[in-house]
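Chemist: Just so you know, we're using my numbering here: the sequence shown kicks off at 2 and counts up by one.
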Amino acid sequence: MVDVARRADVSLKTVSRVVNDEPVGQELVSRVLAAIAELGFRRNDIARNLRSRQLNATVGLLIEEIANPFYATIASVAAEIAAAHGTMLITASSEEDPERERALLQDFTQRRVDGLLVVPAGLDHSFLRREVELGMPVVFLDRPPQGLQADAVLLDNRGGSHAGVSALLDEGHRRVGLLLGAPSVPTMRERLAGARAALDAAGVEPDESLIRERLIAPEEAGRAVAALLDLPEPPTAFFCANNRLTVGALQELHRRGSDAALVGFDDFELAHLMPRPLTVVAYDTRELARVATERLFQRIAGEDTPPNTTVLPTRLLPRGLP
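#1: Whose CA, out of Pro70, Glu288, Val33 and Thr59, lies closest to the CA of Leu313?
#2: What's the gap between the Cα of Val16 and the Cα of Gln111?
#3: Roughly how many whole angstroms lie between the Cα atoms of Gly61 and Phe128?
#4: Mind pulling the alpha helix (DSSP H) runs of 4 or more residues that sit fully within the segment 229 to 317?
#5: Roughly how far, in whole angstroms, is the beta-carbon of Leu229 from the beta-carbon of Ser259, given that I think they are within contact range, below 8 Å?
#6: Provide the residue span of the beta strand (DSSP E) that contains Leu193, from first to last.
#7: Between the C-alpha atoms of Val226 and Ala79, what's the straight-line distance to the nearest angstrom?
#8: Going by DSSP, name the residue or residues bridged to Ser94.
#9: Could you check whether Arg316 and Ala283 sit closer than 7 Å to each other, using their CB atoms as the reference points?
#10: Beta-carbon within less than 6 Å of Val19's beta-carbon, same chain only, minus the 5 sequence neighbours each way: which residues are those?
#11: Is the number of C-beta pairs between the segment 142 to 151 and the segment 167 to 184 that are closer than 8 Å three or more?
#12: Per DSSP, what kind of secondary structure is Leu118 in: helix, strand or coil?
#13: Nearest-angstrom Cα distance between Gly324 and Arg215?
#14: Is it buried or exposed for Pro278, if we count other Cβ within 10 angstroms and need 16 for buried?
#15: Residues in the same chain with beta-carbon distance under 7 Å from Asn309, minus the five sequence neighbours each way, listed in chain order, please.
#16: With 16 other CB atoms within 10 Å as the buried threshold, where does Pro366 fall?
#17: With Phe124 as the anchor, note down where its alpha helix (DSSP H) starts and where it stops.
#18: Per DSSP, which residues does Pro319 bridge with? Please list them.
#19: Taking the continuous beta strand (DSSP E) assigned at Ala153, which residues delimit it?
#20: Pull the bridge partners of Arg213 from the DSSP assignment, please.
#21: Is Pro219 closer than 7 Å to Gly265 when the C-beta atoms are compared?
#22: Report all residues from its chain with a CB closer than 8 Å to the CB of Glu66; omit the five preceding and five following residues, and keep chain order.
#23: Should Gly87 and Ala68 be called a contact, given that it needs their Cβ atoms to be closer than 7 Å?
What follows is the structure, encoded as structure tokens:
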């Protein structure tokens with residue numbers, strides 16, 4: 002601004018009034034704007050807002066894997082709502098790495114974003130407590146926070162898996178293979194608990210040899226299905242705890258020509274075109290993102306009620322070709 006004032010031959014106060022849209026004579030406005038154009042001046046909104054204690058009109062979104070359609074949908078909806086509030090959304094991916102998650106969230110807070118949307122990867126979010134105490138709004142979605150009191154918008158993971166496994170049991174299956182991710186992840190624990198509850202309600206003793214955990218990639222799920230099918234008494238049905246595991250299971254079942262029944266948590270793109278029938282535990286991803294993002298902007302606007310958790314319902318849908 003000093004350079005602009007010197008180039009326009011006006012006072013620093015005049016430049017300040019022009020850039021802040023305060024009343025100034027048109028001749029002075031023209032001179033200042035001409036100097037700004039010549040010098041390539043750009044206002045530093047972060048510094049300006051810190052000085053005036055105004056909002057920065059930016060929010061941060063931390064997801065796990067931007068290539069996954071589930072997280073891409075969340076980012077898209079959050080961006081739409083942020084834009085409607087005149088706010089820019091900054092998105093980053095933790096890649097399921099707790100250390101990377103921590104570093105990115107700390108970077109967001111150092112940039113003084115107005116709020117945070119977080120799909121967590123780690124199991125300890127107490128490092129955000131000081132920021133929350135100082136007024137930083139934070140909303141978690143898909144997974145709850147650990148070591149921190151904050152708003153969360155979750156799916157009915159236990160109820161969805163209970164319904165999925167119950168559907169298999171209602172069809173007469175008694176040997177059900179369970180494919181899950183890391184047991185440390187809250188959603189996996191809930192989905193396993195729902196599956197066990199369904200077995201218990203049907204009077205079926207869970208067979209621990211039919212449970213495979215810590216599966217991440219579709220290829221790992223495929224190998225787990227292959228090993229289970231090679232057992233002397235193989236499963237007649239499978240429940241997969243997420244869409245990536247479902248895809249891997251589908252590939253192996255199709256390769257084997259197996260008619261084992263399959264239920265998977267999460268709907269996925271082209272599921273209706275799979276070459277065999279399956280059932281998915283579906284939910285509204287856009288609604289998950291919408292509720293969480295609107296909640297964040299309510300907090301930014303000043304709502305100070307205690308943190309709460311919203312749980313969204315799931316439903317079973319038939320997929321694949323008959």
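The C-beta atom is built at its ideal place from N, Cα and C for all residues, glycine as well.
Modeler: Walking through what the data contain:
#1: Measuring from the Cα of Leu313, the nearest candidate turns out to be Glu288.
#2: So the two alpha carbons sit approximately 29 Å from each other.
#3: Looking at the two C-alpha atoms, the distance is approximately 17 Å.
#4: If we require 4 residues or more, the alpha helix (DSSP H) runs fully inside the segment 229 to 317 come out as 244 to 257 and 286 to 301.
#5: About 10 Å separates the two Cβ atoms, so there is no contact after all.
#6: It is not in any beta strand (DSSP E) - Leu193 instead sits in the alpha helix (DSSP H) that spans Pro187 to Ala202.
#7: One C-alpha to the other measures close to 36 Å.
#8: Assignment of beta-bridge partners to Ser94 by DSSP yields Ile64.
#9: In this structure, Ala283 lies near Arg316, with their beta-carbon atoms less than 7 Å apart.
#10: If the five residues before and after Val19 are omitted, its C-beta is found closer than 6 Å to the C-beta atoms of Val25, Val30 and Val33, all from its own chain and listed in chain order.
#11: No, because fewer than three Cβ pairs between the segment 142 to 151 and the segment 167 to 184 fall closer than 8 Å, the two stretches do not touch.
#12: Strand, per DSSP.
#13: Look at the range of the chain in this structure, 2 to 323, and you will see that residue 324 is not part of it.
#14: In summary, Pro278 is exposed, with fewer than 16 beta-carbon neighbours lying within 10 Å of its beta-carbon over all protein chains present.
#15: Within the same chain, Cβ atoms closer than 7 Å to the Cβ of Asn309 are found at Asp152, the five residues on either side in sequence being excluded.
#16: In the structure as shown, the chain begins at 2 and stops at 323. Residue 366 is therefore absent and cannot be evaluated.
#17: Per the sequence presented here, residue 124 reads as Leu, with Phe not at that position. Here Leu124 belongs to no alpha helix (DSSP H), and DSSP marks it neither H nor E.
#18: Beta-bridge annotation (DSSP): Pro319 is paired with Thr280.
#19: Residues Asp152 to Leu156.
#20: In the DSSP output, where bridge partners are listed per residue, Arg213 has Leu180.
#21: Cβ distance not < 7 Å, so Gly265 and Pro219 don't count as in contact.
#22: The answer, listed in chain order, is Tyr72, Ser94, Glu96 and Glu97.
#23: No, the pair does not count as a contact, with Cβ atoms beyond the cut-off.
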